[in-house]
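For reference, the structure discussed in these notes is given below.
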Amino acid sequence: MRNRNVSAWTSAVVTALVATALVSPAAAATSAPTPSGPSGHACPQLSKKLPWYGDNRAQLQKMIDERGTCGGLHGPRPVAAFDWDNTVSKNDVTDATIAWSLKHDKILRPASWKKTSKWLTDDADKALTAACGTAVPVGSPLPTSKDTDCTDEIFNIRESGKTMSGAAAFAGDWNHRWTVPQYAWVPQLFAGHTVPELESYAAAARKEALAAPVGATQTLGTHTIPGYVRYYDQQRDLIRTLQKAGFDVYIVSAGSEPVTEVWSAGVGIDRAHTIAIRSVLDRKGRITTYNEGCGGTGRTQGEAIPYIDGKRCWINQDIYGVKGKAAWNKQSWNKRIALGGGDADTDVTFVGDATGAHLVLNRNKNEIMCRAYDNADGRWVANPMFIEPLPQKTGTYPCSTAAYNKPEGGFGPLLRDDGSVVPDQVDSIH
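Taking our numbering, I'd label the letters of the sequence shown as residues 38 to 467.
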């Protein structure tokens, strides 16, 4: 169903990555004895050795039993979909890959910074040109390992959407529930490279981040960012249990697809079940500044990426085969995922579409935590982050006034399906 133009993994890389997923002692004890359901089918069990908050494990197990092999699997296989960064892994694998690439001179000088994104401002173009210079030939690696000004400018625009001087790096019109230019800009930074090259950078960054101790940081120019990444054992166990119970499990990320695929292989999810920003390749197989679109948008420079409502669109299009503009719409019950897992407002739409359980890791993000705490359908499962959880948020979430991310930008009151306003919520799961 997916029309993809990226190169295939080598079997050696896949074998190495999947093998890595099997070495965690905590995750290895994934299944208790599996009782049988009324249908006689086995009921794969979540590990009782891995801690969850409150009765969250029991809620998730109940959904698995009802919708999976234990319940007889009448009809199509149920689908579970997870965001990646800070949902399946602790910390951002895209940032880890960018950091490694900047430290190893892997960003190629573009012919024009302005043309790397349709929304890049003149201020950003001037700042990048001044910081990175013009001495390096177009298409050659920028010396970012030593040129900290260039590193700072690139990473600051990626991180905040602003130049180091504080000027807006992106301007213009875009649907703020379909895309965000600084996310779309990440794969555009790797224009000129082949997919296998980008995969190799992601794999090197992965090795480095997994070897670093929990809590480690790294420095990029004047930026200090996390220096480690970990797979969450609870999420790896959940994914494996879902797969054993007959679910099709997907990753849906707003990161670059080749980067996400390097990491998703480590939890047993293959390329066909990994959805992220999909770059258009040129005739020589090199990444361009254009991305595949969704919901009838076609190929653009990032107008429709897997971001907020865009994640729903990509799930509907790639998993359920919904074509054209209809892919932006909430589908009927039988064309919706059973379980959605996320951690941020970027995930709120597809997680909310789930018919069985809405799993949220608490990172104090307004829109998704307002939904989770309002718990309108009784199926929201909120859990602190499994590693270095955040403390309780002070005050309340501004659900009634400023939690909803408006398509035109800015924030407004968050509404339930019946049109009533979600009241402000206290942070109680942390």
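Backbone N, C-alpha and C fix where the C-beta goes; we use that ideal spot for every residue, glycine too.
Which of helix, strand or coil DSSP assigns to residue i
i    : result
I276 : helix
A65  : Its pLDDT being 43, under 50, A65 is placed unreliably by the model, and the measurement read from it follows with that caveat. Reduced to three states, the DSSP call for A65 is helix.
I342 : coil
G229 : coil
N328 : strand
G449 : strand
I144 : coil
D122 : strand
I135 : helix
Q219 : helix
I306 : coil
Y357 : coil
Nearest-angstrom Cα separation, counted from residue j out to residue i
i    : j    : result
I424 : N128 : 10 Å
F387 : D346 : 7 Å
K163 : D210 : 21 Å
H111 : D285 : 14 Å
Q368 : T181 : 46 Å
S138 : H260 : 15 Å
P450 : L179 : 45 Å
D455 : P233 : 48 Å
Y268 : A282 : 21 Å
V266 : V130 : 7 Å
L396 : R277 : 16 Å
S61  : T188 : No answer about S61 holds up, because its pLDDT of 46 lies below 50 and its placement is not dependable.
G332 : P444 : 16 Å
A240 : V299 : 6 Å
K151 : T334 : 22 Å
R453 : V459 : 6 Å
G109 : P115 : 11 Å
Span of the beta strand (DSSP E), counted from its first residue to its last, around residue i
i    : result
Y287 : D285 to S293
N420 : W417 to P421
N399 : A394 to N399
Terminal residues of the alpha helix (DSSP H) in which residue i lies
i    : result
F387 : V385 to D390
Q98  : N93 to R104
L257 : L257 -> not in any alpha helix (DSSP H); beta strand (DSSP E) instead, spanning T254 to L257.
L165 : D159 to C169
I466 : Taken as a continuous stretch (DSSP letters only), I466 belongs to no alpha helix (DSSP H), as it is neither H nor E.
Outcome for residue i when other beta-carbon atoms lying within 10 angstroms are tallied against a minimum of 16
i    : result
V463 : exposed
K492 : The requested residue 492 does not occur in the structure, where the chain is confined to residues 38 to 467.
D384 : buried
N193 : buried
S30  : Outside the displayed range of the chain (38 to 467) lies residue 30, so it cannot be described from this structure.
One or two residues paired with residue i in a DSSP bridge
i    : result
S182 : Paired residues: none, contrary to the question.
T334 : Answer by DSSP bridge pairing: none, since T334 is not bridged.
S316 : N328
N442 : F448
A205 : K199
A117 : V286 and L376
R323 : T231
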